[in-house]
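Residue numbers (the working numbering), protein chains in the order written: chain C, 1 to 205; chain R, 206 to 312. The C-beta atom is built at its ideal place from N, Cα and C for all residues, glycine as well. Quantities reported herein were computed from a predicted structural model and do not represent experimental measurements.
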């Protein structure tokens, strides 16, 4: 590696420029994973502070943004770990998301008796949904009533694609716990999106 | 005539299975778990049979997959330049606060 290529890494970092250049990106990354704005802001700040202290390890490998995002990822994980170690899983957590109301006594979806409760037929194209910011607004609204740990489990699994083992370690739960939580989160979201998004969309003919 | 008989038989078989197989309530968690781990042969057979008689569960499973695909697509995009949620951005106050903290730490 030539001296010219290494040069930028030796420069003193300009952390305030980081805020202008990458602040929004990092914040969005954090906000997608932590539902609380203030928490996301704090994590971004923590990330940049820790980046400032460990700048000598950066050495200009890869882009600054990738490096900062890497630190941010760790900070988010640490946050999950901290929060969930302090609050042990309670038996009651998420009980209101057991969805008993969606089934008949015999365990079938409430179908012909209560058409409003059973899943209805809707199709959608992920690529198309992706472009609709209105959809994501509804999505976030649907996510918000879920208990913190369930929402985090769902985010870690679906947004970040973490393995079950990693998530269980982070959230201090068992694999079975995780599966139940994911089931509750999915059933709730599916239902909520059906009511608030898909049924409201005009039928495609 | 033959078709009518065939349809009635199929209907009877479906109805028979519907009454005797585990209900939707037991299948829904299993469908969610099918996104998490490979199902056992026994579970796969149970689910296949159930999906054959229950259109609601077919939709349910389809929606779970759609959810995963959509969220997955979003997070891949968010890793690059994310323009999906332009409303999510750092407030001016927050940026100023962070800059202050950085200056204090640097100086």
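Contact between residue 68 of chain C and residue 40 of chain C fails: their C-beta atoms lie close to 14 Å from each other, not under 8 Å. Secondary structure at residue 103 of chain C: strand, using DSSP grouped into helix, strand and coil. In summary, residue 42 of chain C is buried, with 16 or more beta-carbon neighbours lying within 10 Å of its beta-carbon over all protein chains present. The beta carbons of residue 178 of chain C and residue 153 of chain C sit closer together than 8 Å. For the options C:103, C:123, C:76, the alpha carbon positioned closest to that of residue 156 of chain C is the one of C:76. Shown here, residue 145 of chain C sits in coil according to DSSP, grouped into three states, outside any helix or strand. A Cβ-Cβ distance of about 5 Å is found for the pair residue 310 of chain R and residue 49 of chain C, placing them in contact under the 8 Å criterion. Restricting attention to C:131, C:36, C:21, the CA atom closest to the CA of residue 145 of chain C is found in C:36.
Taking CB atoms only, residue 248 of chain R has no neighbour in chain C less than 8 Å away. Taking C-beta separations shorter than 8 Å and ignoring five residues to either side along the sequence, the partners of residue 72 of chain C in its chain run 26, 29, 30, 43, 44, 47, following chain order. Counting only unbroken stretches of 4 or more residues, the alpha helix (DSSP H) elements lying wholly within the stretch 119-188 of chain C are 126-130, 133-143, 148-158, 164-171, in sequence order.
Contact check for residue 252 of chain R against residue 235 of chain R passes: the beta carbons are separated by less than 8 Å. Under the Cβ distance rule, residue 45 of chain C counts among the residues neighbouring chain R, one pair being separated by less than 8 Å. Taking 8 Å as the upper bound for CB-CB distance, residue 280 of chain R and residue 160 of chain C are in contact here, some 7 Å apart. Counting along the chain, the unbroken alpha helix (DSSP H) around residue 303 of chain R starts and ends at 297-311. Distances from the CA of residue 104 of chain C to each of R:306, R:305, R:307, R:230 were compared; the closest alpha carbon is that of R:230. With 16 or more neighbouring CB atoms inside 10 Å of its own CB, residue 255 of chain R falls in the buried class. With a 10 Å radius around the Cβ and a threshold of 16 neighbouring Cβ atoms, residue 139 of chain C comes out buried. Judged by DSSP secondary structure, residue 14 of chain C falls outside any alpha helix (DSSP H); it is assigned neither H nor E. Of the residues assessed, residue 268 of chain R falls on the buried side of the cut-off, its CB having 16 or more other CB atoms within 10 angstroms. From the beta-carbon of residue 120 of chain C, the residues of chain R found nearer than 9 Å are 261, 264. Taking the Cβ atoms as the reference, residue 172 of chain C lies roughly 18 Å from residue 33 of chain C, outside the contact range of under 8 Å. With its beta carbon at least 8 Å from every one in chain R, residue 78 of chain C lies outside the interface. The beta carbon of residue 15 of chain C falls within 8 Å of a beta carbon belonging to chain R, placing the residue at that interface. According to the DSSP assignment, residue 197 of chain C belongs to no alpha helix (DSSP H), since it is labelled neither H nor E. In this structure, the beta-carbon distance from residue 260 of chain R to residue 219 of chain R does not fall below 8 Å.
In the displayed model, residue 47 of chain C falls within a helix according to three-state DSSP. Each of C:164, C:20, C:55 was checked against the Cα of residue 296 of chain R, and the nearest Cα belongs to C:20.
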